[in-house]
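Reading the sequence shown from the start, the letters are residues -22 to -1, 1 to 1227 in mature numbering (1 follows the signal peptide of the UniProt record, and there is no 0).
Backbone N, C-alpha and C define an ideal beta-carbon position, used for all residues, glycine too.
It should be emphasised that the depicted structure is a prediction, and the values quoted were computed from it without experimental measurement.
Remarks on the structure that follows.
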Amino acid sequence: MNNYYLVFIVILLFDCFTGIYAKTTNNENYIVAISRNKNDKNYDDMDEKHQKEFDEYINDKMNEIYDIIEKNKDTYNLSNGKQDEKLDELKSIPLWKRSNESKAKFLFKNEVRSNQKIFEKYSSKFSKRSDNSTIEYIPIDSALVNYICPISNFYAVSVYLSEKTAKIVCGMDYVLFCEKDKTFSNKSKFKRSTPINDNDNDINNNNNIITSDNNNNNNNNNNNNSSIYYDINAIKKETKWSDVSVQQISYIPYEISHEPSHTPYHLSLISQSPFVNPNKKLDTNFYYPSSAGKGIDIYLIDMGLISNHEDYDTYKGTSDERVITCDAIITGHSVHFTTDEEKNYCSGTDRVPFHGIMVTSIAGGSINGVAKKANLHMIANDDTAVNILRSFDIVLQRAKPHKTVISLSTGDVGNYSTAGKFKLTELINKGFIVVVAAGNESTNCCEDKSSPNFYSYAGYRKAITVGATETKLNGYGLDIADYSNFGDCIDIYAPGSVTYPNFNNDGTFRGMDDVMGTSCSTPLVAGVVASIMSEHPEIKFDNDKMKKTLIEMSIKNAIDFKNLDTTNDTPNRFINNGKQSNYYPDQDVQCGKNSKNGNICSDGCCTKEGKCISFENHPGDQCFIENGCQSEFGYCTTKEKSIEDCEKELKENEECLIKFNENKNENKNKNKNEEFVNQCFIFESEKCQKFYKNQINNQSICSFIKEYQKFNSLDNFDINKYNKFSENCKNLLSDDKKNCEEHIRNSFNNCLIDEDFYNEYINVDNNNNNNNYNNNNNNNNHDDDDYVDEKGDDYDDYNDDVELNESYYFIEKCLNFKSNKCQNIYNDNKEEIKKEILNNSSCLYLYEHGFTDILDISKEIEKDVFDKGIIDYTLNTYKKAEEKCESTIEKDKILKSCNEELEIKKKCIFDKPENLTTNEIVSNCYTYYEDFNCQWVFNDLHSHLSYCYYAQQFQKIDLLEKLEESVKNYNEICLINPPKEIKEKYLSDCKNLLPQEEECLFDINPEMTFDELTQKCENLETKGCYDIFEASYNTPCSYEESVYKENSIVSKFDSKFELKMEVYKDLCSSINSEGYQEKVIDDCETLLKMLNEKCDFSFNNDFPKEDNDLKNQCELFSDCKEVYENPFKSIKKCMIAKMFKNIEIKFNISNENYEFFEEKCSTINNNNNNNNNNKGSNTDVTDITDVTDTDTITSTTLIPTTITSTITTTISSIPTSTSSDISTSTTTIKNKPKSNCKITKKVTITRFK
């Protein structure tokens, strides 16, 4: 391998140094990778003797690291001058251990790869490792230095380091890389979709399970099974399952019932096609193979588990008995394997492990889960990167390859981890199947590791990555969940809203809860994986084979990505467990003359055998009369007649057969694209959407006859083109639709009455009683602070008419009720409503192009599920609301309040501006802007003077009219359309307050001298550059930005400018320090020495012959290549260092070896991109063959050479020259983007929704 191993070390060290020295940070926990020899086998492939030798080597190096910490303990001082309390551990060490004459060493406790027996041996007294050894060993359970786990052929240990010790430790020749530990952030919690139900303890009605054994005669004995509408034998034939079980689930959508169902409806979605007939009653059963994951282990790496609920039934004493247990609790540096009651109640946090309870329930719960007979193992942890590694290693040691699936519902943005990636790779290469969540940030989670938006664990592209869909069927599939991430690395989508049992802090059952997030869809897919494995014990599944199986079984193009601006080539695949056929409770599976009551098949064919097969289940030629189809009991035809029927259907929908234009950049200028606008109107019409959905859902006469006759118009119909055209139409008209919708809401929202307003202000007495009830419920239900009122309403309690008379909100609502707009709604005055809507130009444009449904204000306003039924509620309550207003509001009090308000706000009168000079007008504008009372007046006069507007009904108020005129003057003259001289005054006043950009911004380049840099730094102080952002928010600049918009001088001072100012401040405050100069020279020379000696592309013509070798070496080459091509951009510290010392930087990029790798690696990268684009290849489940075992992981072939993070380092962020060429003494180096290689800042890990 020549120098590849050394190159690898150099690059990682470079990345670490860049992050370590960039900025003073707190003492941090690091993952430190210790390597012995590049030729070492993977740790788990070593024999016992070599493992023991390796263990001793690692323990010795941990001692060296501990000594470094001890000798540099003063560097752990905190900002308050006190020493970090974590170093109190050092005080417990015997003094003689620190003596130079002592040969004692520590024996570090290893809890994951247990050395407990050895540890206990030395715990009673200090002892020698062996008879021939002169070294005494002191057992220690250290929080400063402790084992994590072996990864590949190196060992990861956890070390608590200061800035100085990080430099020393990460620079040791046996340290392969360092990266900071991470606590994955809790910012994207999964959220409750409906309120919890404390009384929902009786859920047996949702767990009525029927198997084919107790229902195997349903096809022939209809009298005894009249309620059975599905065909077990047909399902067996379709799925090839050995037996079929059916879980009967009662479910009413929330949109209809307005109550939570708390039933596992998510299960039914994965055992049928989402292309259902919207005119039929929905089948909510869950159909699954009776093996149900039996014999398969599902490991959940999560918060913990409480298994005190029937959802975690172990079926004790039956042939299906299984294990549901918490195996380990990992927090801090402690690994604890559970005993006794801990196996039923464990937590890696200090609260109820609701997230872990949920994922366990969904993966394999007997009620809410997919794999109802699988063994369920929880590894409870605190969500740190270190402890997820330990969790992975516990699974690696204890679980069975090819019989285990791991579910991981966690991750974070910007946290590429070398250790995490390659422990994950190790698990997968050993035969374990890993399923991970895509995340809930509504963003692309598949960006490259160099991107600050890299997403772990999805971004590693190793595991099976799962996105989330909504659970509501939209008539032609499902919508992507609005929170779900997307991207080309997502392998499959699954329902994101689920039901699970929740618990109180004392472990008692609290109620069934509904939640949503990719955290929920991930264990659901893990359950499907377990079901497939148990149903096919003859197949030796690995991760790749299972991924291909899931893709093959998935329902393609069933997901609508309409909420996404771009799909980023996201695969359109929805999870399915093998049964794709659809049945309907209102359609008996039996039909014809031999069925009970001579049942008719209303939406399909009644076959010769008396089976009702709907069109979407592809009846094929069974609908032909010549094949025995019973025409009197359903649709039957001949081949010729069906062709005629299809042609007739196509003719009736001829206008819908438009050519779908796939152009992503349709011209949004409607004046130039009227044809496309008209096409969109036709496309979105109710008639055409029904036609398209029938084609998509196979509910058309044409659906099955396409197999026998070609129709050009249908051959061109493709769901991908349909979705793209729909997206283009949405984009073309999005602005108009958004503006029109906003206009309608703004016009009529004030007229609406919701239950909250009615109960708080109108039905006050009844509301007080309800409040007492709700307060009691809140005391019981909200002991978990994760759950908040999502709507955020905070109404005060108004208990008497006096308080109502003092309520701005109540007075304003009463005023609105009397307005013409509201009265038009209450009296259903359609013509006046139409005038109001079409008074908006966007609404008028849509109406003129056929979108007449915008006149239906109920449809427009009730698009949000939370507003469903609000129009009807308003019409039923507005009269009582008007009566309450009339009986409550006292005119004298209102008038008095009005006069008090006017007295305060009369200073805002902007009267007769035509008599004022430019300077006087500008002065007034500035004054009004800085007075918050005037801002209230000019921003929303109506709301802030609601007393006056109400009083104006019975008394003229001159001052109010003057204020109204002032609002018009202010908006027109100061903001919207100021005269030229006023705009110029804003500009000149703002310029006088801002320093000049050219005086504040500068680039650092290799030719810059120290004196030049010093002068630039002095300018920053004298020109007021550091105060530039405070200046940009002053009043003149605010007006300047408002009127000049994108041409504003203020708009130039964006976040990049702010970042540069921070960099300048840190740099300029340090450069004159002698210590800083020495440090930057030392850092530069250290890195250059390693690069010049070890990052060497002189391969002595020993070019790699095998593809795997070349691929692995190309990964190293790509990172080192960036340093060679632009050293000053990659090692910015040297750009500063050469100001203080003549430092020569030499790299040779013109030799044939360099050119060889540049050419070969470019070809490999292109091939990889092509493979990613074609990753959806199909593999039949029943034809899966064993694949060759994957290669052993070695440090030179699989370890990446970059470490990404969220820290923005001071030195690496220095603005550099943007010129295309940078000259050095040896060559011309072209600028290329710098790899985003920094040590990760400690953040908190993401528990997905």
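message: Quick check on this structure: which residue in ARG329, GLU1122, MET356 has the alpha carbon closest to the alpha carbon of TYR290?
response: MET356
Presumed contact (8 Å Cβ cut-off) between ALA363 and VAL153, rounded CB distance: Not really, about 17 Å apart at Cβ, beyond 8 Å.
field: Distance CB(ALA358)-CB(GLY326) smaller than 7 Å
entry: yes
query: If you draw a straight line from the alpha carbon of VAL391 to that of TYR433, how long is it in whole angstroms?
result: 5 Å
task: Could you spell out the range, first to last residue, of the alpha helix (DSSP H) harbouring ASN353?
output: Unbroken run through ASN353 is the beta strand (DSSP E), 353 to 359; no alpha helix (DSSP H).
- prompt: Between which two residues does the beta strand (DSSP E) containing PHE132 stretch?
  reply: 132 to 139
- prompt: Could you give the distance in angstroms between the alpha-carbon of ASP328 and the alpha-carbon of THR338?
  reply: 19 Å
CB of ASN535 within 7 Å of CB of ILE697, strictly: yes
- prompt: What are the start and end residues of the beta strand (DSSP E) that includes HIS314?
  reply: 312 to 315
field: Residue range of the beta strand (DSSP E) that includes PHE541
entry: Here residue 541 turns out to be Asn, not Phe, going by the sequence shown. No beta strand (DSSP E) holds ASN541; DSSP gives it neither H nor E.
- request: Can you tell me which of LYS1138, ASN482, ILE1049, ILE872 puts its alpha carbon nearest to the alpha carbon of MET1117?
  value: ILE1049
- prompt: Which runs of the beta strand (DSSP E) spanning at least 3 residues fall entirely within the region 435 to 496, listed in chain order?
  reply: 442 to 451, 456 to 458, 470 to 473, 475 to 481, 487 to 494
task: Count the CB pairs spanning the region 493 to 513 and the region 266 to 278 that are closer than 8 Å, and state whether there are at least three.
output: yes
Contact between the region 221 to 230 and the region 471 to 481 (3+ Cβ pairs under 8 Å): no
field: Residue(s) in a DSSP beta bridge with ARG551
entry: LYS534
- prompt: THR262 to GLN29, Cα distance in whole Å?
  reply: 54 Å
message: Quick check on TYR964: does DSSP put it in helix, strand or coil?
response: helix
message: Check this for me: beta carbons of THR443 and CYS467, under 7 Å apart or not?
response: yes
- request: Return yes when the Cβ of ALA459 is within less than 7 Å of the Cβ of ALA446, no when it is not.
  value: yes
Straight-line Cα distance separating GLU34 from LYS401: 22 Å
field: Distance, ILE284 Cα to ARG107 Cα
entry: Any reading at ARG107 needs caution, since the residue's pLDDT is 47, under 50, leaving its predicted position unreliable; the model's value is listed next. Looking at the two C-alpha atoms, the distance is approximately 43 Å.
query: Exposed or buried, what is GLN933 when buried is set at 16 or more other beta-carbons lying within 10 Å of its beta-carbon?
result: exposed
query: For the beta strand (DSSP E) that SER325 lies in, which residues bound it at each end?
result: 323 to 325
message: If we define contact as Cβ-Cβ less than 7 Å, is ASP967 a contact residue for chain C?
response: The structure shown contains no chain C, having only a single protein chain.
task: Take SER580 as the anchor and find which of SER592, ILE230, SER1026, VAL413 has the nearest alpha-carbon.
output: SER592
message: Tell me whether the region 20 to 27 and the region 63 to 73 touch, counting them as touching only if at least three CB pairs, one residue from each stretch, are closer than 8 Å.
response: no
message: Could you check whether GLY282 and PRO331 sit closer than 7 Å to each other, using their CB atoms as the reference points?
response: yes
Beta-carbon gap between ALA504 and ASN463 smaller than 7 Å: no
message: In chain order, what are the residue ranges of uninterrupted alpha helix (DSSP H) at least 4 long that sit wholly in the region 24 to 54?
response: 26 to 49
- prompt: Is it true that the CB of ILE683 sits closer than 7 Å to the CB of CYS634?
  reply: no
- prompt: Does DSSP put CYS423 in a helix, a strand or coil?
  reply: coil
field: Closest residue to LYS586 among PRO563, ARG376, LEU991, TYR613 (Cα-Cα distance)
entry: TYR613
message: Helix, strand or coil for SER251? Go by DSSP, reduced to three states.
response: coil
- prompt: Where does PHE410 fall in DSSP's three states?
  reply: coil
- prompt: Can ILE636 and GLN657 be called in contact, C-beta distance under 7 Å?
  reply: yes
query: Buried or exposed: where does ILE954 fall if 16 or more other Cβ atoms within 10 Å of its Cβ makes it buried?
result: exposed
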